[in-house]
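In this note's numbering, the protein residues as written are 5 to 287. Idealized CB from N, CA, C, for every residue including glycine. What follows is one structure encoded as structure tokens, with my remarks underneath.
So, in structure tokens, the structure goes:
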């Protein structure tokens with residue numbers, strides 16, 4: 005089926021009290037693996053690319069791969085710009101056909117974040133398909149692309165600021181900072197569930213959980229019960245794919261055909277994504 009906007013997927017999830025799994029993809033094999041997992045679980049899915057991934061290959065190429073795979077899929081698929089770091093990148097993704105955009109102005113003062121996000125929302129509305137727009141309020145720890153937030157800098161989302169942010173920007177989804185971090189954790193993350201509940205009670209749009217790689221399944225399930233409608237996974241997919249490739253080459257150094265280890269990488273990602281989808285969908 006054709007690519008869909010993430011807004012409809014997230015609103016359905018909000019009504020059904022589940023979440024959509026959103027998975028960062030780096031190459032053709034990961035695109036195929038994520039959609040294969042979604043089909044196996046009969047669940048909608050969101051493919052994502054970050055700004056650093058888009059230095060590796062352009063939005064037009066990732067869109068083309070997502071479009072071809074989605075059109076043959078039996079489940080809804082969206083293609084999302086994750087952590088868009090500028091208005092220009094969001095506009096380029098929209099022009100190239102992305103059905104969902106994230107503008108990340110979380111490092112900016114609140115007023116500047118609002119103004120930047122509002123510009124992206126207004127731009128998205130000029131497109132016939134009208135890509136969904138996600139934005140972030142508060143900062144997550146860890147490293148995402150070229151942005152690194154030290155532990156002492158971590159700031160969680162303020163519920164009352166969230167109300168103003170959503171009202172003034174017109175976004176479709178809000179990424180909240182409640183104690184998760186990008187990358188892998190050195191220990192078990194401590195999520196601020198009370199803060200999440202307060203945000204949910206004051207904000208109507210679907211909420212998004214970033215930095216989910218390494219978060220215990222039971223914490224993800226609880227976050228979904230408190231209003232999270234989209235759960236992002238990135239680092240662990242990269243690790244699963246890379247480990248499968250390394251294991252193949254290590255066991256047989258004579259392997260030179262990328263297809264041989266590409267298949268194993270796909271299988272590893274598919275298995276991981278199937279598990280994450282089951283957690284998100286409450287299966």
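Quiz item: Going by beta carbon distance, what residues of the same chain come within less than 6 Å of residue 236, once the five residues before and after it are set aside?
Solution: Reading the chain shown from its first residue, position 232 is the one you call residue 236. Hits under 6 Å: 26, 214 and 216.
Self-check item: Inter-residue spacing [alpha-carbon to alpha-carbon] between residue 182 and residue 160
Solution: Counting from one through the chain shown, the residue named residue 182 turns up at place 178. Counting from one through the chain shown, the residue named residue 160 turns up at place 156. Looking at the two C-alpha atoms, the distance is approximately 5 Å.
Exercise. Could you tell me whether the Cβ atoms of residue 135 and residue 105 are closer together than 8 Å?
Key: For the purposes of this step, residue 135 is taken as residue 131 along the chain shown, with counting starting at 1. For the purposes of this step, residue 105 is taken as residue 101 along the chain shown, with counting starting at 1. Yes.
Practice problem: Return the CA-CA distance between residue 81 and residue 202, expressed in angstroms with no decimal places. | Solution: Numbered from its first residue, the chain shown carries residue 81 at position 77. Numbered from its first residue, the chain shown carries residue 202 at position 198. Cα to Cα, the separation comes out at about 31 Å.
Quiz item: Using the beta-carbon count (16 or more within 10 Å), is residue 284 buried or exposed?
Solution: To locate residue 284, count along the chain shown from 1; it is residue 280. Buried, because 16 or more other Cβ atoms sit within 10 Å of the Cβ of residue 284.
Exercise. Find the nearest neighbour of residue 233 within the set 8, 36, 16 and 6, judged by alpha-carbon distance.
Key: The residue given as residue 233 occupies position 229 in the chain shown. Among 8, 36, 16 and 6, the Cα nearest to that of residue 233 is on 16.
Quiz item: How far does the alpha helix (DSSP H) with residue 56 in it reach, from first residue to last?
Solution: Within the chain shown, the letter at position 52 stands for residue 56. No alpha helix (DSSP H) contains residue 56, which DSSP labels as neither H nor E.
Quiz item: Are the beta-carbon atoms belonging to residue 107 and residue 130 less than 8 Å from one another?
Solution: The residue given as residue 107 occupies position 103 in the chain shown. The residue given as residue 130 occupies position 126 in the chain shown. Going by C-beta atoms, residue 107 is not nearer than 8 Å to residue 130.
Exercise. Name the one or two DSSP bridge partners that residue 106 has.
Key: Along the chain shown, read from residue 1 onward, the residue named residue 106 stands at position 102. Answer by DSSP bridge pairing, in chain order: 138.
Exercise. Can you tell me which of the three DSSP states residue 194 falls into?
Key: The residue given as residue 194 occupies position 190 in the chain shown. Looking at residue 194 - three-state DSSP - the assignment turns out to be coil, as it is neither helix nor strand.
Practice problem: For residue 277, name the three-state secondary structure that DSSP assigns. | Solution: Taking the first residue of the chain shown as 1, we reach residue 277 at position 273. Helix.
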